[in-house]
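Participant:
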Amino acid sequence: MGKEKVHISIVVIGHVDSGKSTTTGHLIYKLGGIDKRVIERFEKEAAEMNKRSFKYAWVLDKLKAERERGITIDIALWKFETTKYYCTVIDAPGHRDFIKNMITGTSQADCAVLIIDSTTGGFEAGISKDGQTREHALLAFTLGVKQMICCCNKKRDTGVDVNLVISLICGVGLANNVFVMAVLCIDKVEKHNNRP
Numbered sequence: 448m449g450k451e452k453v454h455i456s457i458v459v460i461g462h463v464d465s466g467k468s469t470t471t472g473h474l475i476y477k478l479g480g481i482d483k484r485v486i487e488r489f490e491k492e493a494a495e496m497n498k499r500s501f502k503y504a505w506v507l508d509k510l511k512a513e514r515e516r517g518i519t520i521d522i523a524l525w526k527f528e529t530t531k532y533y534c535t536v537i538d539a540p541g542h543r544d545f546i547k548n549m550i551t552g553t554s555q556a557d558c559a560v561l562i563i564d565s566t567t568g569g570f571e572a573g574i575s576k577d578g579q580t581r582e583h584a585l586l587a588f589t590l591g592v593k594q595m596i597c598c599c600n601k602k603r604d605t606g607v608d609v610n611l612v613i614s615l616i617c618g619v620g621l622a623n624n625v626f627v628m629a630v631l632c633i634d635k636v637e638k639h640n641n642r643p
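So the mapping is simple: this note's numbering equals the position in the sequence shown, first residue as 1, plus 447.
#1: Helix, strand or coil: which one does DSSP assign to Ser465?
#2: Only counting the same chain, and skipping five residues up and downstream in sequence, which positions put a Cβ closer than 6 Å to that of Ala493?
#3: Counting Cβ pairs closer than 8 Å, one from the segment 549-556 and one from the segment 579-598, do we hit at least three?
#4: Tell me the rounded alpha-carbon separation between Phe545 and Gly578.
#5: Can you tell which of Leu561, Thr566 and Glu528 has the C-alpha that lies nearest to the C-alpha of Lys452?
#6: Give every residue of the same chain whose Cβ lies closer than 7 Å to the Cβ of His462, excluding the five residues on either side of it in the sequence, and list them in chain order.
#7: Ignoring anything shorter than 3 residues or poking outside the segment 526-584, list the beta strand (DSSP E) runs there in chain order.
#8: Determine the burial state of Leu510: buried for a count of at least 16 other Cβ atoms within 10 Å of its Cβ, exposed for fewer.
#9: So, for Asp538: in the same chain, excluding its five sequence neighbours on each side, which residues have a beta-carbon less than 7 Å away from its beta-carbon?
#10: Which value, in whole angstroms, describes the spacing of the CA atoms of Leu586 and Ser456?
#11: Around the C-beta of Gly569, are 16 or more other C-beta atoms found within 10 angstroms, so that it is buried, or is it exposed?
#12: Nearer than 7 Å: is that true of the beta carbon of Glu571 relative to any heavy atom of the ligand NAP?
#13: Since Ile650 is in the alpha helix (DSSP H), which residue starts that stretch and which ends it?
See below:
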C-alpha cells in the first residue's frame, strides 16, 4: 500500500485590494482547477457590473455582496492535490471590518501566502498603522503559522523595495521561514532571498 498524502492548509492574507482573490483565482485557473468557460462567464458578468478585472476573484468571491462591493467578506476554500499533498487554499478577507473571518481562516492554516500591494501608495497603505499587511503577518505568526510566502503583487513600477518587505516580515518573527517573490503578472515571478 502506498504512502498517504500529507494535508496542508494554505491561507492567503494581506491588505484590502492587494489582489489576494484575483491572484488565487488566476492561479486556480492556470492549474486547471476551473474551466475556461466559467472564467469567460465571470468576465462577462463582471464587465456588466463595470468590474472586468474581477473575473478571477469571482472564482472565490461567491457572495452577491462580495461581488457588488469588490471585496472578500467571508473565507473561501479551494481544494486540490499534488503528487505529495492534499492542499486546501483558504482565501481570507483583507478589509479590517472582516478581521474575525481572516482570523478564522488563518487559525486553520499550516502556512500563509501574504499578498503585498507593491504599487506606490498601495504598499504604504498596507504597512501603515491602520493597514492590514503587517497586522495579518503578525496575526498569522501569533496563530501558529510559521512559514510564509510573501508575494509582492502588482509589481509594475518600482513602488516597493523587496528588502523592506523582508525586514518587515522578519520583524514579526518569521525570519527563517519566509520566501519572498515579486509577481509582475501570474506568468512572471522574481525570487528573492529571505534575508535583508
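For each residue, glycine too, the CB sits at the ideal point set by N, CA and C.
Facilitator: Taking the coordinates as given:
#1: Sequence index remark: in the sequence shown, residue 465 carries index 18 (1-based). Coil.
#2: Within the sequence shown, residue 493 is the residue found at index 46, counting from 1. Only Arg499, Phe501 and Lys502 meet the Cβ criterion.
#3: yes
#4: Walking along the sequence shown from the start, residue 545 turns up at place 98. Walking along the sequence shown from the start, residue 578 turns up at place 131. When rounded, the distance between both Cα atoms is 13 Å.
#5: The count along the sequence shown starts at 1 and reaches residue 452 at position 5. Taking only the C-alpha atoms, the option nearest Lys452 is Glu528.
#6: Numbered from 1 along the sequence shown, position 15 holds the residue referred to as residue 462. Excluding residues within five positions, the ones whose Cβ falls inside 7 Å are Gly541, Asp564, Ala572, Gly573, Gly578, Gln579 and Thr580.
#7: Within the segment 526-584, the beta strand (DSSP E) runs of at least 3 residues that lie entirely inside it are, in chain order, 532-538 and 558-564.
#8: The residue given as residue 510 occupies position 63 in the sequence shown. Exposed.
#9: Your numbering for residue 538 matches position 91 in the sequence shown. Excluding residues up to 5 positions away in sequence, Val459, Lys467, Ser468, Thr471, Leu507, Thr519, Ile522 and Ala523 lie with their Cβ nearer than 7 Å to the Cβ of Asp538 in the same chain.
#10: Position 139 of the sequence shown holds residue 586. Position 9 of the sequence shown holds residue 456. As the crow flies, the alpha-carbon of Leu586 is around 16 Å from that of Ser456.
#11: The residue you call residue 569 lines up with position 122 of the sequence shown. Answer is buried; the Cβ neighbour count reaches 16.
#12: Among the ligands in the structure shown, none appear at all, so the ligand NAP cannot be discussed.
#13: No answer is possible for residue 650: the residues shown for the chain start at 448 and end at 643.
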